[in-house]
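What the sequence shown shows, in my numbering, is residues -7 to 123, in sequence order. Take a look at the structure below.
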Amino acid sequence: MLIKMEIFGLAMDEKTNMPLVILKDEEDKYILPIWIGALEAMAISIPLKGMSMPRPMTHDLFLDTLNNLNAHLLHVEVTEIKESTYYAVIVLQQDENVLRIDSRPSDAIAMAVRAKAPIMVRQQILEDIMK
-7 MLIKMEIFGL AMDEKTNMPL VILKDEEDKY ILPIWIGALE AMAISIPLKG MSMPRPMTHD
53 LFLDTLNNLN AHLLHVEVTE IKESTYYAVI VLQQDENVLR IDSRPSDAIA MAVRAKAPIM
113 VRQQILEDIM K
């Protein structure tokens, strides 16, 4: 089962000095911190703050390309965690076809924010990290 999550915020891990994106579900039952790089944090924060760049960033370019191919972003999914690394997919629709494209969670989230698409996380991941 997939759980819809929202971006609760971006923060800095005091121990590792690495940025992280913090996701939470709508019912405040689950919180999921995902460590990301500084550039990835910037790519997520720009649309969250309502800012735009004078030239398209990579995520904007990809979404523009999808639009020109008559495809759109349905949602993104954080699908699994292996050896402390999260995995994600971008789920697209083009006509009758639904496509699942492998992605880093940070890129998937950056695209979801721009496209105003849902961020979904497998419930098993959320339950496993709460143990």
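Virtual Cβ for every residue (Gly too), placed ideally from N, Cα, C.
Residue i (DSSP reduced to helix, strand or coil)
{"i": "residue 17", "result": "strand"}
{"i": "residue 4", "result": "strand"}
{"i": "residue 82", "result": "strand"}
{"i": "residue 94", "result": "strand"}
{"i": "residue 39", "result": "helix"}
{"i": "residue -3", "result": "strand"}
{"i": "residue 73", "result": "strand"}
Cutoff 8 angstroms; reference residue i; Cβ partners in own chain excluding five residues on either side
{"i": "residue 102", "result": "32, 35, 36, 39 and 51"}
{"i": "residue 2", "result": "11, 12, 13, 14, 33, 36, 37 and 40"}
{"i": "residue 49", "result": "35 and 38"}
{"i": "residue 105", "result": "-1, 36, 39 and 40"}
{"i": "residue 127", "result": "Any answer about residue 127 is impossible in this case: the structure gives the chain only from -7 up to 123."}
Closest residue to residue i among the options (Cα-Cα distance)
{"i": "residue 82", "options": "75, 67, 73 and 89", "result": "67"}
{"i": "residue 63", "options": "89, 72 and 80", "result": "89"}
{"i": "residue 92", "options": "98, 109 and 84", "result": "84"}
{"i": "residue 53", "options": "27, 99, 79 and 11", "result": "99"}
{"i": "residue 87", "options": "107, 59 and 120", "result": "59"}
{"i": "residue 74", "options": "121, -7 and 19", "result": "121"}
{"i": "residue 94", "options": "57, 6, 72 and 115", "result": "72"}
Contacting residues, own chain, Cβ-Cβ under 6 angstroms from residue i (five flanking each side not counted)
{"i": "residue -3", "result": "15, 17, 111 and 113"}
{"i": "residue 109", "result": "65 and 67"}
Alpha helix (DSSP H) segment containing residue i, residue limits
{"i": "residue 119", "result": "115 to 121"}
Which residues DSSP lists as bridging residue i, in chain order
{"i": "residue 63", "result": "86"}
{"i": "residue 111", "result": "-3 and 68"}
{"i": "residue 46", "result": "DSSP, once it has assigned bridges, lists no residue as partnering residue 46."}
{"i": "residue 53", "result": "Beta-bridge pairing links residue 53 to no other residue."}
{"i": "residue 12", "result": "3 and 27"}
Same chain only: Cβ atoms within 7 angstroms of residue i, ignoring 5 sequence neighbours per side
{"i": "residue 118", "result": "-5, 22 and 24"}
{"i": "residue 78", "result": "26, 70 and 97"}
{"i": "residue 30", "result": "11"}
Enclosing beta strand (DSSP E) for residue i [first to last residue]
{"i": "residue 26", "result": "23 to 27"}
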